[in-house]
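Below is one structure, written out as structure tokens, with a few remarks after it.
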DNA sequence: GGATTGTCGACTAAATCGCTCGACATTGTA
DNA sequence: TACAATGTCGAGCGATTTAGTCGACAATCC
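Protein chains in written order, with the numbering used here: chain A, 296 to 445; chain B, 296 to 445.
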């Protein structure tokens, strides 16, 4: 029952789409993102912290503070966002590029097949930018009324 | 940190490779499989039970009993084995073909990308047979001495 | 009838997921 | 300068899953 993305990646991408939607309009505050994209606010907190650490988001404190994209949406790749939030997407521990992993999973029998699948997956995810995600999101909600009010 | 295969798939495939190696020689007993393929014996028990339920393995009780392939190795696909042991390999709950899933994961934002990746992954895994796995395994151990004695 | 094997289900320890909560830091405004 | 609105950080928690173990039972060969 494993081999499954957690909610982190989805929530995180939703939040970034919201930020992309307001790109260049100054910081958006967390409560707004949470409400409009239906993400538990105190959980979103952690996700934004991670995205900030990895340079996708910049935030300012104080009243009128909030979060905004640290880089243009067109330069943010889905792959990088997911790896930031979910950790490595490698289906087997032994496919991990890094060195810091303690190799708890020795699982490595069918490495040759999975290496191929993993590479293809990463390539595809790398080809998707936040701009494209935003467009897809707009299209999905575009037809009918948005499911949330601004 | 998710999106990772558990040990089940690897252990299960290892066990099937061992059975394929002795195809047509009558049942192989569990303790032997466990020792030769380095799988905890009482855990292997559960994996074999699952593989039997799904028709990959047939077993006989009593002394000189054991397990053997229920179908020719050439007709056993890696995809089916992994889905038997790991459950659905869908990275998102919403990509699941079945109806019985309770949709605890609502995660469905980037469905369009993942659908594509998932389909490619399944196609590749479906193209690998147990025969090929056995050959690869032989090749890997072939050069040097086997890492276990028979 | 006993030894050897498989079968089944209950139990467990550790890790992870999906959160919540509270204390604290920063900063705009009155 | 006070205070209110915001972000930041880390501890903790209930539920679920992983990766097993264990023990009672069933079948079968001798």
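A virtual CB, placed ideally from N, CA and C, is assigned to each residue, including glycine.
As the structure is a computational prediction, the values presented were derived from the model and not from experiment.
Interface residues of chain B facing residue i [CB-CB closer than 9 Å]
i: residue 328/A; result: Here the premise fails: no neighbours, minimum Cβ distance about 14 Å.
i: residue 311/A; result: Correct list: empty, because the minimum Cβ distance to chain B is about 10 Å.
Inter-residue CB distance, residue i and residue j (contact presumed, cutoff 8 Å)
i: residue 428/A; j: residue 312/A; result: 6 Å
i: residue 324/B; j: residue 361/B; result: 4 Å
i: residue 304/B; j: residue 381/B; result: 5 Å
i: residue 374/B; j: residue 421/B; result: 4 Å
i: residue 415/B; j: residue 415/A; result: 6 Å
Per-residue contacts from residue i into chain B (C-beta, under 8 Å)
i: residue 308/A; result: 404 and 405
i: residue 349/A; result: What residue 349/A touches in chain B: nothing, since even the nearest Cβ is about 15 Å away.
Distance CB(residue i)-CB(residue j) smaller than 9 Å
i: residue 353/A; j: residue 379/A; result: no
i: residue 368/B; j: residue 426/B; result: yes
i: residue 423/B; j: residue 372/B; result: yes
i: residue 408/B; j: residue 299/A; result: no
i: residue 370/A; j: residue 317/A; result: no
i: residue 329/A; j: residue 335/A; result: yes
i: residue 342/B; j: residue 315/B; result: no
i: residue 406/B; j: residue 387/B; result: yes
i: residue 413/A; j: residue 434/A; result: no
i: residue 404/A; j: residue 340/B; result: no
i: residue 359/B; j: residue 319/B; result: no
i: residue 331/A; j: residue 306/A; result: no
Three-way DSSP call (helix, strand, coil) for residue i in this model
i: residue 430/B; result: helix
i: residue 423/B; result: coil
i: residue 443/A; result: Legend: pLDDT at residue 443/A = 40, less than 50; position of this residue unreliable, value from coordinates given subsequently. Residue 443/A falls in the coil class under three-state DSSP.
i: residue 436/A; result: helix
i: residue 310/B; result: helix
Beta-carbon neighbours of residue i, restricted to chain A and to distances below 8 Å
i: residue 408/B; result: 373, 419, 420 and 423
i: residue 380/B; result: Neighbours of residue 380/B on chain A: none; closest Cβ ~10 Å, over 8 Å.
i: residue 343/B; result: Within 8 Å Cβ-Cβ: nothing; residue 343/B doesn't reach chain A, min ~17 Å.
i: residue 314/B; result: Chain A residues near residue 314/B: none, gap ~14 Å exceeds 8 Å.
Chain A contact residues for residue i, given Cβ-Cβ distances below 7 Å
i: residue 415/B; result: 415
i: residue 431/B; result: 407
i: residue 412/B; result: 416 and 419
i: residue 364/B; result: Those do not exist, as residue 364/B stays about 17 Å from chain A at its closest Cβ, beyond 7 Å.
Chain-ordered neighbours of residue i on chain A, where CB pairs are closer than 9 Å
i: residue 346/B; result: Simply none; closest approach about 15 Å.
* Asked: Counting only runs that start and end within the region 341-404 of chain A, where is the beta strand (DSSP E) found for 3 or more residues in a row?
  -> 352-355 and 361-364
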